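In the working numbering, the protein residues as written are 5 to 444.
Scroll down for the structure; my scribbles are underneath it.
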Ligand code: PMP
């Protein structure tokens, strides 16, 4: 069966709104290191790592061995009603790594479930269903998380179990405060937060949830320190701070193990998923025990923190820490941003290059403006880059409020040679996009 035939069957039986990349979507059937191979035998350098799920790359012996050893016991999973040694050990490590005092951990299967749990904890703890979130945010695709998502293109339902107000701050490039210095930008966002609290809420807000760098929102970010400044306001009202570390955790931002640390603050609650299992489904919530234990009824996750997922996660954590992949992310992130800024200097279709570590966004605009893209009927520049990079053997991500941001997030085991190879491909693809929207 060809990929085209598989696509036809996919379209017939899976929902229309299940997003697929590329004019001709690919099926990945093999992978090793930072490379994946599709069903037709083409190999690609993977600069999206399965939307950051493959933190350390593919076919890593330490991870495969840990998973295989668990599989060989015959116990893929029984139930979280019984003790799971790997879960206890993983929780102990994450509680310590979190920096949250007196922390407890609850495991889920995804980032969505982790954020749903965080919302339930915060709203129960504070006895309020009011939540603050950032404009341009993405937190998942269940009923509560869709409601707090501040990105229209991904907010599949307009109905909501929570009352949410969205504040400025996360997306500086398109913020009304973008012209201000770092300090003034922070002050303006804090003033906006105070205004939103005073004017759109009933005054007993449960929590604020933030992505330190907005993932689906196009790797958009505020100046360091913004969330520390927010925390001072939140503390005045007893509002909990939840950091959604689903994309920014595990050292990917290079400078810190958790994205929120760049803001000089330890949140009350953190949520995580994606890279932890290096491809196995695992997520979770870490919170002060007082918050975690505010639930009085029983709860369970049938599969959350199962023996196979926790074996993969423990091996991934070991690998990340032993090989200082955070340091590698910092070093190669700088190399990529430098190379991309050189490309931007020659192509005014690039409006912004931003990021930290191996989370880098390239925002494409109508040349010479900040307008998000060329719009209809010409194909969007980001679409051109997506197709051109694929044609040259590189997989990248796309995102942003307007779908005009190229997202680069390779496995954190990336090498300098691979970074340079990707830069060459990106230069050609951005050149093609420039040619498409502003022919010389
Ligand atoms: N939070 C963030 C910041 C995310 O990027 C995502 C997934 N893109 C989620 C939550 C939801 O995670 P999942 O898809 O595992 O449910």
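Glycine included, each C-beta is placed from N, C-alpha and C at the ideal position.
Predicted model, so just to flag it, every value in this text is computed and none were measured.
Please return the same chain residues whose Cβ sits closer than 6 angstroms to the Cβ of residue i, not counting the five positions on each side in sequence.
| i | result |
| --- | --- |
| residue 277 | 114, 115, 118, 250, 287 |
| residue 361 | 256, 257, 258, 333, 334, 337 |
| residue 36 | 62, 63 |
| residue 293 | 106, 108 |
| residue 232 | 267, 268, 269 |
Quick check on residue i: buried or exposed, where buried means 16 or more other Cβ atoms within 10 Å of its Cβ?
| i | result |
| --- | --- |
| residue 144 | buried |
| residue 140 | buried |
| residue 155 | buried |
| residue 309 | buried |
| residue 22 | exposed |
| residue 323 | buried |
| residue 274 | buried |
| residue 86 | exposed |
| residue 24 | exposed |
| residue 423 | buried |
| residue 166 | buried |
Roughly how many whole angstroms lie between the Cα atoms of residue i and residue j?
| i | j | result |
| --- | --- | --- |
| residue 51 | residue 417 | 11 angstroms |
| residue 221 | residue 377 | 15 angstroms |
| residue 365 | residue 354 | 10 angstroms |
| residue 18 | residue 29 | 14 angstroms |
| residue 99 | residue 340 | 32 angstroms |
| residue 200 | residue 169 | 7 angstroms |
| residue 443 | residue 137 | 40 angstroms |
| residue 438 | residue 177 | 20 angstroms |
| residue 244 | residue 212 | 6 angstroms |
| residue 350 | residue 388 | 17 angstroms |
| residue 370 | residue 97 | 47 angstroms |
| residue 407 | residue 386 | 7 angstroms |
| residue 164 | residue 148 | 7 angstroms |
| residue 329 | residue 71 | 21 angstroms |
| residue 152 | residue 69 | 39 angstroms |
| residue 2 | residue 395 | Since the displayed the chain opens at 5 and closes at 444, residue 2 lies outside it and no answer follows. |
| residue 398 | residue 207 | 49 angstroms |
| residue 325 | residue 41 | 28 angstroms |
| residue 159 | residue 150 | 5 angstroms |
| residue 247 | residue 120 | 13 angstroms |
| residue 331 | residue 363 | 14 angstroms |
| residue 39 | residue 53 | 9 angstroms |
If I measure Cβ to Cβ from residue i and keep anything under 8 angstroms in the same chain, skipping five residues before and after, which residues do I get?
| i | result |
| --- | --- |
| residue 391 | 26, 27 |
| residue 345 | 357 |
| residue 218 | 138, 140, 141, 142, 174, 175, 224, 225 |
| residue 182 | 176, 189 |
Taking 7 angstroms as the cut-off, does the CB of residue i come closer than this to any heavy atom belonging to the ligand MG?
| i | result |
| --- | --- |
| residue 62 | You won't find the ligand MG in this model; what it holds is the ligand PMP. |
Quick one: residues in its chain with C-beta nearer than 7 angstroms to the C-beta of residue i, no 5 flanking neighbours on either side, listed in chain order?
| i | result |
| --- | --- |
| residue 90 | 311, 314, 315, 318 |
Under 8 angstroms between C-beta atoms, does residue i make it to chain D?
| i | result |
| --- | --- |
| residue 104 | Included in the structure is just one protein chain, with no chain D present. |
Quick check: the stretch 263-274 against the stretch 219-234, are at least 3 beta-carbon pairs closer than 8 angstroms? Verdict: yes, contact present.
Are at least three pairs of beta-carbons, each pair with one atom in the stretch 72-90 and one in the stretch 428-438, less than 8 angstroms apart? Verdict: no, contact absent.
Given 8 angstroms, three or more beta-carbon pairs between the stretch 80-97 and the stretch 310-319: Touching, yes.
Taking 8 angstroms as the threshold, find out whether the stretch 288-301 comes into contact with the stretch 100-110 through three or more Cβ pairs. Counting Cβ pairs under 8 angstroms, three or more are found: they touch.
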